[in-house]
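Protein chains in written order, with the working numbering: chain Z, 1 to 363; chain X, 1 to 380; chain F, 1 to 502. Glycine included, each C-beta is placed from N, C-alpha and C at the ideal position. Notes to accompany the following structure.
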Amino acid sequence: MNKDIKISNIQIRALIVSTIIGIGVLGLPNQLAVAMEKDGWIAIILSGLLTIPVILVINQIFKDNPGKDFFEIGESNLGKILFTICLIIYLAYYLAVGAYISRVLGEIIKGFLLLETPLGLITFTFIVSIAYLVVSEIDIIARISYMTYGLTIGFALILILLAIPGADLTNILPMIQSDIRQLPEGIKVALFSFAGFEVLLFAIPFAEDKKRLTKTSISGIVIVIVLYLVLFLVTLTQLSIQQIKSDPFPLLMVAKLINLPGYFLQNLDGLVTAIWVIIIFSTMASVYYSSSKILSKIFRAKSHKASVLILIPVIYFLAFLPKNVIQINNIMSNVVIYLAMIVIFLIPFILFMVGRIKRRIRQ
Amino acid sequence: MKKFLLIVMIISLILSSGCWDMIELEDRILPYSVAIDLKLEKDKEQAEDKDFFISFSYPNINALGKNATQEDMAYVINANANSIFEARDEVSSRVHKSIYLKHLNVVVMSEEVFSNERFLRQILDGLKRDFIINKMVNLLITKESAHDIMMKKLGSKRQESVEGLLISLLHNEQMSTSFTPIVLKDFIQYMDHKRAAIIPLAIPEPEISLAGGGIFKDYQFLGYIDKDDNRNITLLNNQAKNKDIDFDFKGATISLFLDEIKSKKKLVRDGEFLKIRYQVEMDGEIHQYIIDEDRRINTQEDMEEIEKALAKIVKDEFTSTIEKLQKDFNADALGILEYLYKFYPKIYKKVEADWDSIFPYLDIEVVVQVNIRRRGLSDF
Amino acid sequence: MSAHLFNSIEKNLAYIREVFRDNDDLIIRELEVGDIFNVRMCLVFIDGLINKEYLTEYAIEALLREEEIKSFTLKGYKTSIFEAIKKQILYSADIKAKAKWDPIIDAILSGDTLLLVDEFPQGLIIDTREPPSRGIQEPQTETVVRGPRDGFTESIKINTSMIRRRIKDTRLKVKMLKVGRRSKTDLALMYIDDIVDKKLLDEVNKRISAIDIDAVLDSSILENLIEDNYLSPFPQMENTERPDAVAAAIYEGRIAIVVDNSPFVLLAPATLGTLMQSSEDYYTSWVEASLVRFFRQLGLFLLFLPGPLYVALTAYHPGLLPSKLIYFVAASRINVPFPAIVEAVLMETTMELIREAGTRISGPIGTTIGIVGGLIIGQAAVEAGIVSPLMIIIVAVTTIATFVIPSYEYSAGFRIVKFGFFILAGFLGLYGITLGIIILLSHLAKLNSFGIPYTSPYSGLGIDEGDLKDTLVKGPIQSFRMRPGFTHPKNKRRMRRDKKDE
């Protein structure tokens, strides 16, 4: 573990926020509307709250094993073979997420900005550009996250301000109409959009101020909850529920609708897409970093630089596995969701429990 | 260093094979309006399998700017096709320029196209599905040929807006409430909410203008309403704020300007039955009456008298429009069902299924409250 | 070889003559002092580096006139003649006795005078340095409307003294170092001991001592030698001609490196925040300074984005501009024979040529070049229809924006980056520009300045200390109670105010 790497608490908060907010945010209102109509916000709050225990567990793991990083803890708690299997699951998850992000990004860029350019080129240039960042360590990624964190929040604020003139607040009504049976589906959708905080596993060992870390990480989640809520409600005030249900990227639609008097700011959707690429960039950076770090640990390589290079073609080919948009939306995202359940919820709990039990036995 | 060179080489190799999307601006055509008609009689044989006759109108950039070299402000090109996109490709192969529809602002369609539900649904889906087309594109209906509307030039030498005639007419809506612009997004939203929508009607003669509109429900064309009805509907929907009115008062015509018009709908239950009450409030200003010693407007009583008379007239107007919507069209252009959905979800669930049979018999009451605030400079 | 001096003055002189062979500006003044014994002495110095009047008046005259010395014998009574000269006779302020050749020769080369006394294996170094230097003038590069008008000169002594005048504190340290095998350039590290971060100081010292080069002619060479990533187009140290800026930086816990023969003093560390600060900001009202800062940040984007955006918007995404605007842009490009990317690169190249020509030739010809280049070429290009008028406007705005950035090197970095953006925009449109921003951000985030993240405070370091108040905007001076956090100052508090003052 490199002692020179230091991440401050605000950077960790930013890391959480920028990693979580990414590909999902454009489509989230759509998926929530499909699952829960106008009551999607309940799902956002509930699944946001559901992540908090996981964050507490992750923090506790590192408090139980001070001075060790995730890999050392895993190895000592689970043993080499078992932990390697866990790492492979992690790798699969991160690669699936990375491929999913690259593919969806490519599709959107192709749709909105570059109609004729081959999808492969868009995806490839995206992965390569991020590889340039990912060869460095997590503190650099935390710095990038802090910058995009500011960008994300500023951008959301501007979008909201611009959307206010055309907003119809009564569109939010009626509230709380949906069936309780719709809730699990809604939570499943929303929970996936909270995936990303597991970057804490790699970040916490380098934190400067370990005492207030739990608070910081929870505050990160709260920021995400608020941001998601606001964006969901803004979408509701702009579009009818049927439209949200039928449009895969309602937020882009909201941006398209912005039309200020004087007709100076028109057609903002392209700009939004461009800024959104930068927001995704920080998500992809931490996903890519995590996957290359894991790969290098599986092969016990000292530096993860080689694995970054190896993973460029891997992510690229995985991204092109689904044949069409429907497969991306159904199969690929389902694979990601189920892997996420294991990786985010199950393994940290196992690590934590095993660690506690072992300690009990030793005492 | 070697690594660096390698990366540069790879990137330049990839990039140099490309520039797929680069089309210089002057090689593009950016149409601002499109007209869709059913295919013409004379083309029946040539284009057998095509449904529509589609024309694009775009500005002549040679006629723009300081050193304009040409006179004609706009061109119109057309093609027979099954969709806007087919027409686009067809036309663009003919003019050797790429057609880019992002700046499309108006879609004019003839009544024939609008009355065919399948066509309407297809065209709207195409517009909605496309990544490029702006979802704020305005819709217009015309009784005759949409192509003619597009070809229509202004009689006078008025300065034409760069963005085309129809757009400047549409943007002029603040001045006249005789029509209400509607954009694609709103139209689809209204259709989804079982709400009737009104698409402004473009009239080519004598001078091109917009007035009234065609009324639609569930993607079906129901008929036309005139501009007074249109204004009443927009006022009831709070989409407009003012209106001019004149009526006979004590043997002379009094003209007033009404503004700050606010309408509120409310559900009042009348026993078992639903009853909607519109509470409309407005401020008035007298523009013209008559110079006559006997007919001065000096006292509070005079004012109240005018207010009373006016309220009755306005109320009658509103009621007749509502009745037309209920009886003639059975079209809920006022968004009453949507109102129930938002504020009374339980009632909504009950009435939603047979709203078509409930709406015509719905008891809608209009209460008008006029406050005349000013009488101009004259103290008569 | 660091040999000792010899006893015999002859041998010593022979040694000096050997070392300074073919150095005809070396002057050896031989004296014989004393009535009883004529003690041989000699003064060795290099013509032009020293103040001859001073030497004549306070050394030679003292030696020849002083009564005491005339009665001295060679061995002396209580003290040797050497000690007597050192302690009682010479009037000079700064005298050092040295027994080894190396420091002596270094001293002679720096403009000191060596006094050799026969039969003594030691030499006296008399400080007579007066290197040719210009007077203190207003700095050329960083002029202010209001604020001090003195600027650094090429002499390290004058420079350090100008800084000292602003920090009258014993804890201000001036650490003298030498760098360059042959040039033996003097350096002074200046910092306040109880503010500066120890790790930062160690890092600077470590890097300077690791330098092994024959000559350091200017601070920029030193800068290149010790910066973190020498391949980056961005400067990782700040330089300034203004003593007030240096003093302010030292108060913030940064380290100033004064290099002899250079009027530019280096400041470490530098961050994106500090590179956008100008000393003027602190001498005007905070509201105005904030406004100016805002426009400066805007200028940073105008510096490299408009051209590539023009290419991307006209050639790739005409849909992203408002309809009215796009028709006029199209009309303005109607007869331009080149694609937008070629047009843009053509104009940018012309602009670079004009700039270079204007910089190398100063004075009236430079102005002429500016007028001919800027006005006439631009006008002619538009008239000829080779370039669209919009492009000329964009190039002009871009060029003006380069001068808005206080740090020349920083804006030059972005100018280089701009060409990369042109290529990306030419190939991938707006997406290419976005990729460019991603790579640029990654590059900036990877940069460090002496272990401090280059992107501070925008990447998180110093946010808690309120660094944004003095980077993004400029708050009122009352709000700067703490020193900025990015330097990790040992002493954090800058200002003490009671509650009742507010």
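Selected residue, minimal CA-CA separation from residue i, among the options
{"i": "N239 (chain F)", "options": "F:S332, F:I326 and F:E409", "result": "F:E409"}
{"i": "G98 (chain Z)", "options": "Z:R362, Z:A285 and Z:L309", "result": "Z:A285"}
{"i": "A240 (chain X)", "options": "X:I132, X:L362, X:Y58 and X:E281", "result": "X:E281"}
{"i": "V366 (chain X)", "options": "X:Q326, X:A333 and X:S263", "result": "X:S263"}
{"i": "T571 (chain F)", "options": "F:S388, F:F422 and F:M347", "result": "Since the first residue of chain F shown is 1 and the last is 502, residue 571 (chain F) is not available in this structure."}
{"i": "E252 (chain F)", "options": "F:F419, F:A107, F:Y191 and F:V117", "result": "F:Y191"}
{"i": "I89 (chain Z)", "options": "Z:L351, Z:I361 and Z:L339", "result": "Z:L339"}
{"i": "V224 (chain Z)", "options": "Z:I20, Z:I10, Z:Q11 and Z:I12", "result": "Z:I20"}
{"i": "I331 (chain Z)", "options": "Z:A96, Z:R356 and Z:L113", "result": "Z:A96"}
{"i": "K327 (chain X)", "options": "X:Y219, X:E304, X:I364 and X:K312", "result": "X:I364"}
{"i": "L320 (chain F)", "options": "X:I133, X:E293 and X:M73", "result": "X:I133"}
Bounding residues of the alpha helix (DSSP H) (the contiguous stretch that carries residue i)
{"i": "S209 (chain X)", "result": "Careful: S209 (chain X) lies outside any alpha helix (DSSP H), inside the beta strand (DSSP E) at S209 to K217."}
{"i": "M353 (chain Z)", "result": "I347 to R362"}
{"i": "S217 (chain Z)", "result": "L213 to Q238"}
{"i": "V174 (chain F)", "result": "From DSSP, V174 (chain F) is part of no alpha helix (DSSP H) but of the beta strand (DSSP E) over L172 to V179."}
Range covered by the beta strand (DSSP E) that runs through residue i
{"i": "C42 (chain F)", "result": "V39 to I46"}
{"i": "V194 (chain X)", "result": "Correcting the residue type first, residue 194 (chain X) is Lys in the shown sequence and not Val. Where K194 (chain X) is concerned, there is no enclosing beta strand (DSSP E), given that its DSSP letter is neither H nor E."}
{"i": "E365 (chain X)", "result": "D363 to R374"}
{"i": "K98 (chain F)", "result": "I95 to K98"}
Through-space distance from residue j to residue i, alpha-carbon basis
{"i": "A445 (chain F)", "j": "E86 (chain X)", "result": "48 angstroms"}
{"i": "S430 (chain X)", "j": "P476 (chain F)", "result": "Coverage of chain X is limited to positions 1 through 380, which leaves residue 430 (chain X) absent and any answer about it impossible."}
{"i": "F53 (chain X)", "j": "M191 (chain X)", "result": "25 angstroms"}
{"i": "I5 (chain Z)", "j": "R300 (chain Z)", "result": "20 angstroms"}
{"i": "T51 (chain Z)", "j": "L200 (chain Z)", "result": "13 angstroms"}
{"i": "S193 (chain Z)", "j": "S292 (chain Z)", "result": "22 angstroms"}
{"i": "R212 (chain Z)", "j": "I58 (chain Z)", "result": "14 angstroms"}
{"i": "L271 (chain Z)", "j": "I109 (chain Z)", "result": "11 angstroms"}
{"i": "Y32 (chain X)", "j": "S323 (chain F)", "result": "8 angstroms"}
{"i": "T321 (chain X)", "j": "S98 (chain X)", "result": "47 angstroms"}
{"i": "T357 (chain X)", "j": "E307 (chain X)", "result": "The sequence given here has Ser at residue 357 (chain X), not Thr. When rounded, the distance between both Cα atoms is 36 angstroms."}
{"i": "N371 (chain X)", "j": "L268 (chain Z)", "result": "43 angstroms"}
{"i": "V372 (chain F)", "j": "V397 (chain F)", "result": "18 angstroms"}
{"i": "I84 (chain X)", "j": "I123 (chain X)", "result": "8 angstroms"}
Spatial neighbours of residue i in its chain, beta-carbon cut-off 8 angstroms, leaving aside the 5 residues before and after
{"i": "E260 (chain X)", "result": "K241, N242, E281, M282 and D283"}
{"i": "A515 (chain F)", "result": "This structure cannot speak to residue 515 (chain F), because chain F is shown only from 1 to 502."}
{"i": "A196 (chain X)", "result": "Y190, I215, F216, K217, L222, L325, F329, A331, D332 and A333"}
{"i": "I280 (chain Z)", "result": "G22, I23, I101 and L105"}
Same chain, Cβ closer than 7 angstroms to residue i, five either side skipped, listed in chain order
{"i": "E465 (chain F)", "result": "M482, P484 and G485"}
{"i": "T123 (chain Z)", "result": "S102, R103, G106, Y316 and A319"}
{"i": "I218 (chain Z)", "result": "I52 and I55"}
Own chain residues within Cβ distance below 6 angstroms of residue i, not counting five before or after
{"i": "K266 (chain X)", "result": "R277"}
{"i": "T471 (chain F)", "result": "G273 and P457"}
{"i": "T216 (chain Z)", "result": "N9, I12 and R13"}
{"i": "V335 (chain Z)", "result": "A96"}
Proximity test, residue i beta-carbon vs the ligand GDP heavy atom, cut-off 7 angstroms
{"i": "D22 (chain F)", "result": "No copy of the ligand GDP appears in this structure; indeed no ligand is present at all."}
Is the segment 336 to 349 of chain X close to the segment 159 to 174 of chain Z, with three or more CB pairs under 8 angstroms?
As far as the Cβ criterion goes, the segment 336 to 349 of chain X touches the segment 159 to 174 of chain Z, which means the pair count is three or higher.
Under 8 angstroms: do the segment 149 to 165 of chain Z and the segment 220 to 236 of chain Z share three or more Cβ pairs, one atom per stretch?
Yes, they touch.
Counting beta carbon pairs with one atom in the segment 151 to 169 of chain F and one in the segment 256 to 264 of chain F, are three or more of them shorter than 8 angstroms?
Yes: at least three Cβ pairs fall under 8 angstroms.
Between the segment 120 to 135 of chain F and the segment 45 to 62 of chain F, do three or more beta carbon pairs fall short of 8 angstroms?
These segments touch.
Using 8 angstroms as the threshold, is the segment 271 to 278 of chain F in touch with the segment 450 to 464 of chain F, meaning 3 or more CB pairs across them?
yes
Check whether the segment 114 to 134 of chain Z touches the segment 307 to 316 of chain Z, counting contact only when three or more Cβ pairs, one atom from each stretch, lie closer than 8 angstroms.
Segments in contact, yes.
Below 8 angstroms, can you find three or more Cβ-Cβ pairs linking the segment 29 to 40 of chain F to the segment 103 to 110 of chain F?
no
When the Cβ atoms of the segment 351 to 364 of chain F are set against those of the segment 301 to 311 of chain F, are three or more pairs found closer than 8 angstroms?
no
How do the segment 7 to 20 of chain Z and the segment 146 to 153 of chain Z stand: do at least 3 beta-carbon pairs fall below 8 angstroms, yes or no?
yes
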